[in-house]
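Enquirer:
Residue numbers (the working numbering), protein chains in the order written: chain C, 7 to 143; chain S, 1492 to 1974.
1) Report yes or no: do the stretch 1549-1557 of chain S and the stretch 1763-1783 of chain S share at least 3 C-beta pairs separated by less than 8 Å?
2) Is the beta carbon of residue 1590(S) less than 8 Å from the beta carbon of residue 1718(S)?
3) By DSSP, does residue 38(C) sit in helix, in strand, or in coil?
4) Going along the chain, which residues of the stretch 1618-1645 of chain S sit with their C-beta nearer than 9 Å to a C-beta in chain C?
5) Looking only at its own chain, which residues have a Cβ that is under 6 Å from the Cβ of residue 1510(S), when we skip the five neighbours before and after it?
6) Among 1638(S), 1746(S), 1497(S) and 1760(S), whose alpha-carbon lies nearest the alpha-carbon of residue 1677(S)?
7) I'd like to know if the stretch 7-24 of chain C and the stretch 92-107 of chain C are in contact, where contact means that at least 3 CB-CB pairs between them fall below 8 Å.
8) Please report the distance separating the alpha-carbon of residue 1712(S) from that of residue 1598(S).
9) Residues of the stretch 1783-1812 of chain S with a CB closer than 7 Å to any CB of chain C: list them in chain order, please.
10) Since residue 47(C) meets chain S, which of its residues come closer than 7 Å, beta carbon to beta carbon?
11) For chain B, check one thing: does any of its Cβ atoms lie closer than 8 Å to the Cβ of residue 1904(S)?
12) Is any heavy atom of the ligand SAM found at a distance shorter than 7 Å from the C-beta of residue 92(C)?
13) Count the other CB atoms within 10 Å of the CB of residue 1786(S); is the residue buried (16 or more) or exposed (fewer)?
14) Does any C-beta atom of chain S lie closer than 8 Å to the C-beta of residue 16(C)?
15) Can you list, in chain order, the residues of its chain whose CB lies under 6 Å from that of residue 1629(S), leaving out five sequence neighbours each side?
16) Considering only their Cβ atoms, is the gap separating residue 1961(S) from residue 1939(S) smaller than 8 Å?
17) Closest to residue 1517(S) by C-alpha separation, out of 1503(S), 1663(S), 1600(S) and 1861(S), would be which residue?
18) I believe residue 1845(S) touches residue 1862(S) by the beta-carbon criterion, under 8 Å. Please report the beta-carbon distance rounded to the nearest angstrom.
19) Going by DSSP in three states, residue 1893(S) sits in which element: helix, strand or coil?
20) Where are the alpha helix (DSSP H) runs, 4 residues long or more, that stay fully inside the stretch 61-137 of chain C, in chain order?
21) Using CA atoms only, rank isn't needed, just tell me which of 1659(S), 1837(S) and 1866(S) is closest to residue 1512(S).
22) Starting from residue 1745(S), trace the alpha helix (DSSP H) both ways and give me its first and last residue.
23) Would you please state the rounded distance, in angstroms, between the beta carbons of residue 1557(S) and residue 1815(S)? I believe it to be under 8 Å.
24) Closer than 9 Å by beta-carbon distance: list the chain S residues that pair up with residue 51(C), in chain order.
25) Taking C-beta pairs closer than 8 Å, name the residues in chain S that residue 129(C) reaches, listed in chain order.
26) Kindly confirm or deny that the stretch 1532-1549 of chain S and the stretch 1727-1736 of chain S touch, where touching means at least three C-beta pairs closer than 8 Å.
27) Helix, strand or coil for residue 1766(S), going by three-state DSSP, please let me know.
28) Among 1606(S), 1640(S) and 1707(S), whose alpha-carbon lies nearest the alpha-carbon of residue 1587(S)?
29) Report the option in 1608(S), 1686(S) and 1546(S) whose CA atom is closest to the CA atom of residue 1523(S).
30) Closest to residue 1945(S) by CA distance: which of 1915(S), 1931(S) and 1952(S) is it?
31) Pick from 1632(S), 1756(S) and 1732(S): whose alpha carbon is nearest that of residue 1693(S)?
32) Which term fits residue 1924(S), buried or exposed, when burial requires 16 or more other beta carbons within 10 angstroms of its beta carbon?
33) So that I know if they touch, is there some Cβ in chain C lying closer than 8 Å to that of residue 1553(S)?
34) Helix, strand or coil: how does DSSP classify residue 1734(S) here?
35) Spatial neighbours of residue 1921(S) within its chain, please: C-beta separation below 8 Å, excluding the five flanking residues on both sides.
36) On a Cα-Cα basis, can you pick out the residue from 1527(S), 1574(S), 1606(S) and 1576(S) that is closest to residue 1860(S)?
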């Protein structure tokens, strides 16, 4: 039984699929932490594209709202966490913080060339995390 | 006070000093390239970067933000330097700093929120395009070797960081390719062909210009533009660093700090500068959080120039051009293309107009001002649109009024109301309207008086609180008609 589940989510279709997968092994009483990593260059585009009326926090919450909505419908207890940093390193660091029993993430679905240039987050997390890793395709 | 000092200077000094060193290494090629864009010796940009970084580390409002000589200012002053020379640039920098200091004291930081998103996007995109265009003369039509050096530089700056991040890739490109150039030689221009490097600290100087009204007339337009562009870029960067470090910073202190730093730069032979988005991101990514990182960046930069000045003049220009291409690609907001398909048509027009005006005038300040005016006009047009919906049943006529009722919109409202009705019950429903000023109240008075004259019964329904208040204060209609 996993009591504390870490879900790395970037707001994409793939991270939503990873969230759906959690319901299959979720037990009552457990808690899911939705981790959204904000890269340093994301700060630039988020500030530039941010609306004047809403705070950046609100906008970022909206980005993962399909996941929070889904968790609410499914009766899954969750909290959200936003961290600044490089996605790969930050997911690994949070996963290894000792607070979590398992880390769940989706793949970005890159082809092999993109993967060579951009580097695969899921690959790095699988290699470096000290807890079980679930990669959802 | 002492607590703040400790937090802003002494938190995690090792990480901050290392981040500062990384930034210094990344700053040198940019400071030289921006000097060449402005048409001055590399020292003018290098001194500016040293002085502004050190001074802003003490006086600025945003710890861990990097300010130095920038492309935005360099692009502005090119015509001034070409026609009048570097001394006028220094004088313009002094005045720029003075204007920024005054704007900072007047707390102009708050005005930033009146610059709409579309104008900011236009600003960064125009800046990116201008930096790219400024490099064309250093890349095309010179020699085959030039193309080769540019190509290899781009390859290094984009591929190496995937595997190795400790040293900034532009510096690796410079060291490796300059070594190859010194060993093999090639048909390329070098930094030394375009200006001299002095291995000394800057001296205090008074810009050598006639202190007359004529001089003021020449430099003032430049100084105003430099001050505006410097503040826009600095406060935008401060917002980005605020977000990336999860903290908040004083925008007014930053504006004043930018002003004083530019005044000092002008007195020590440096061109004007401002905060740099790219360098600040490099700094924060390296873990910087304190003022010590910015201070270190400035000090290490001048130290390296004094030690390595003789080597710097040997750096081939195409390497710097390649690095500038990378800077322009990094500055451009690639999300703008998606924005153009999703955003309201008028916002897209504002962005495109801002970019076009900058590219036509070569002046970012004119682009920003024009963009703000245009979007204000669009906004006024949009909110002055009032919709009136009329329904009739038997003897009753019902108007639903939808929109903002003020001086610019009363005509639109009145045109949609039929004043020829006679002997009827007329209901005016203001649920979705807001009355803002006496013109709005006046229009409603006129309307009701005319309706009454034709023997109609008029009722006003559902005014919101503010509208009801202004009607009670200013209107001549009687209470029975307000429901």
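Idealized CB from N, CA, C, for every residue including glycine.
Expert: Quick look at the numbers:
1) yes
2) Here residue 1590(S) refers to the residue found at position 99 of the second chain. Here residue 1718(S) refers to the residue found at position 227 of the second chain. Against a cut-off of 8 Å, the Cβ pair of residue 1718(S) and residue 1590(S) comes out as a contact.
3) Taking the first chain and counting its residues from 1, the one referred to as residue 38(C) is at position 32. Here residue 38(C) sits in strand by DSSP.
4) Within the stretch 1618-1645 of chain S, no residue has its Cβ closer than 9 Å to any Cβ of chain C.
5) Within the second chain, residue 1510(S) is the residue found at index 19, counting from 1. Once the five neighbours on either side are set aside, the close Cβ partners of residue 1510(S) are 1774, 1777, 1778, 1779 and 1784.
6) The sequence position of residue 1677(S) within the second chain is 186, counting from 1. The candidate whose alpha carbon is nearest that of residue 1677(S) is 1638(S).
7) yes
8) Counting from one through the second chain, the residue named residue 1712(S) turns up at place 221. Counting from one through the second chain, the residue named residue 1598(S) turns up at place 107. Straight-line Cα distance between these residues: approximately 22 Å.
9) none
10) To locate residue 47(C), count along the first chain from 1; it is residue 41. Within 7 Å Cβ-Cβ: 1772.
11) Structure shown: chain B not included; protein chains present are C and S.
12) Ligands are entirely absent from the displayed structure, and the ligand SAM is therefore not among its contents.
13) The residue labelled residue 1786(S) in the question sits at position 295 within the second chain. With 16 or more other Cβ atoms within 10 Å, it is buried.
14) Working through the first chain from its first residue, we reach residue 16(C) at position 10. Judged by the 8 Å Cβ criterion, residue 16(C) is not in contact with chain S.
15) Looking up residue 1629(S) in the second chain gives position 138. Hits under 6 Å: 1808 and 1812.
16) On the second chain, position 448 is the one that residue 1939(S) refers to. On the second chain, position 470 is the one that residue 1961(S) refers to. Contact flag unset, no.
17) Counting from 1 along the second chain, the entry for residue 1517(S) is found at position 26. Of the listed residues, the one whose Cα sits closest to residue 1517(S) is 1663(S).
18) For this step, residue 1845(S) is matched to residue 354 along the second chain. For this step, residue 1862(S) is matched to residue 371 along the second chain. Between residue 1862(S) and residue 1845(S) the Cβ distance is about 4 Å, and since that is below 8 Å, they are a contact.
19) Taking the second chain and counting its residues from 1, the one referred to as residue 1893(S) is at position 402. For residue 1893(S), the three-state secondary structure derived from DSSP is strand.
20) 62-69, 71-79, 93-101, 118-124 and 127-134
21) Reading the second chain from its first residue, position 21 is the one you call residue 1512(S). The shortest C-alpha separation from residue 1512(S) is found at 1659(S).
22) What you label residue 1745(S) is simply residue 254 of the second chain in a count that begins at 1. Counting along the chain, the alpha helix (DSSP H) containing residue 1745(S) begins and ends at 1742-1758.
23) Walking along the second chain from the start, residue 1557(S) turns up at place 66. Walking along the second chain from the start, residue 1815(S) turns up at place 324. Not a contact, Cβ separation roughly 17 Å.
24) Working through the first chain from its first residue, we reach residue 51(C) at position 45. In chain order: 1824, 1825 and 1826.
25) Taking the first residue of the first chain as position 1, residue 129(C) is located at position 123. Within 8 Å of the CB of residue 129(C), no CB atom of chain S is found; the nearest one sits about 14 Å away.
26) no
27) Translated into the one-based positions of the second chain, residue 1766(S) becomes position 275. Strand.
28) Stepping through the second chain from its first residue, residue 1587(S) is reached at position 96. Scanning 1606(S), 1640(S) and 1707(S) for the CA closest to the CA of residue 1587(S) turns up 1707(S).
29) For this step, residue 1523(S) is matched to residue 32 along the second chain. The shortest Cα separation from residue 1523(S) among 1608(S), 1686(S) and 1546(S) belongs to 1686(S).
30) To locate residue 1945(S), count along the second chain from 1; it is residue 454. Ranking the options by Cα distance to residue 1945(S), first place goes to 1915(S).
31) For the purposes of this step, residue 1693(S) is taken as the residue at position 202 of the second chain. The residue among 1632(S), 1756(S) and 1732(S) with its C-alpha nearest the C-alpha of residue 1693(S) is 1756(S).
32) Translated into the one-based positions of the second chain, residue 1924(S) becomes position 433. Classification for residue 1924(S): buried.
33) As a working note, residue 1553(S) is residue 62 in the second chain. So no, residue 1553(S) is outside the interface.
34) One-based indexing of the second chain puts residue 1734(S) at position 243. Three-state DSSP puts residue 1734(S) in a helix.
35) Reading the second chain from its first residue, position 430 is the one you call residue 1921(S). Excluding sequence neighbours, residue 1921(S) sits near 1892, 1951, 1952, 1953, 1954, 1955 and 1958.
36) Here residue 1860(S) refers to the residue found at position 369 of the second chain. The shortest Cα separation from residue 1860(S) among 1527(S), 1574(S), 1606(S) and 1576(S) belongs to 1606(S).
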